[in-house]
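Q:
Residue numbers (the working numbering): 4 to 208.
Right, here's the structure in full:
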């Protein structure tokens with residue numbers, strides 16, 4: 004009888020522990036690594052990394068001799084995102100210069116993220132952060148309005164083939180650096196009525 008009582012007690016205790024763990028895991032306001040990870044991942048899913056820091060307009064025209072400007076665009080031509088044509092442009096009555104025109108290709112339009120606030124502007128985005136591990140967090144509570152400073156390791160996910168190509172990474176150093184992770188980052192998280200959210204991202208890539 005004592006054996007059965009002991010086994011029953013152990014069974015009840017295990018159920019209680021599992022229920023407590025499940026309750027903590029389902030509580031979005033709890034200050035734990037799962038909720039911190041979800042908050043950071045949710046933010047960066049909506050804020051992918053893109054080629055340019057600000058929206059860019061196409062079609063674009065640059066001097067053919069200006070290799071600093073043509074080389075990055077040419078890398079995107081090599082990946083099929085842009086179409087390239089050349090032309091002569093008059094600069095004076097008796098003089099002209101060679102210019103290169105770049106515009107979105109059919110493939111480029113499919114990959115283009117349009118800027119809804121500026122018609123004709125947009126960006127090529129190539130992936131977003133995904134937390135690998137939460138390294139640290141400052142003391143906090145599960146109360147609404149509480150904040151914590153979180154340190155974490157992350158990598159980039161969902162990078163398209165054009166972003167991983169050597170041509171693109173040679174032309175855009177930020178892409179090569181980002182996709183070459185893993186990296187460390189930090190963020191300020193705030194506890195809200197809907198759980199933890201990222202309120203202030205770090206300035207690192």
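Glycine included, C-beta positions come from ideal geometry on N, C-alpha and C.
Among residues of its own chain, excluding the 5 on either side of residue 182, which ones have a beta-carbon nearer than 6 Å to its beta-carbon?
A: 159 and 162
Q: Hey, how far is the Cα of residue 146 from the Cα of residue 31?
A: 11 Å
Q: Could you check whether residue 193 and residue 141 sit closer than 8 Å to each other, using their CB atoms as the reference points?
A: For residue 141 and residue 193, no; Cβs fall outside 8 Å.
Q: By DSSP, does residue 140 sit in helix, in strand, or in coil?
A: Looking at residue 140 - three-state DSSP - the assignment turns out to be strand.
Q: To the nearest angstrom, how far is it from the Cα of residue 85 to the Cα of residue 33?
A: 47 Å
Q: Am I right that residue 61 and residue 106 are in contact with their C-beta atoms under 8 Å? What's the rounded C-beta distance?
A: 5 Å
Q: Would you kindly work out how many angstroms separate the C-alpha atoms of residue 77 and residue 186, rounded to a whole number?
A: Each residue's alpha carbon lies about 29 Å from the other.
Q: Mapping DSSP to helix, strand and coil, what is residue 39?
A: helix
Q: If I measure Cβ to Cβ from residue 170 and keep anything under 7 Å in the same chain, skipping five residues before and after, which residues do I get?
A: 78, 81 and 82
Q: What residues match up with residue 157 in a beta bridge as DSSP calls it?
A: 134 and 186
Q: List the DSSP bridge partners of residue 91.
A: 101
Q: Using C-beta distances below 6 Å, list every residue in its chain close to residue 90, excluding the 5 sequence neighbours before and after it, in chain order.
A: Correct list, in chain order: 102.
Q: Using the three-state DSSP reduction, which class does residue 66 fall into: helix, strand or coil?
A: strand
Q: Taking the alpha carbon of residue 63 as the reference point, which residue from 125, 138 and 129 has its own alpha carbon closest?
A: 125
Q: What did DSSP end up calling residue 30 once you bin it into helix, strand or coil?
A: coil
Q: Would residue 132 be called buried (16 or more neighbouring beta carbons within 10 Å of its own) or exposed?
A: buried
Q: Measuring CA to CA, which of 130, 41 and 177 is closest to residue 56?
A: For the residues 130, 41 and 177, the minimum Cα distance to residue 56 belongs to 177.
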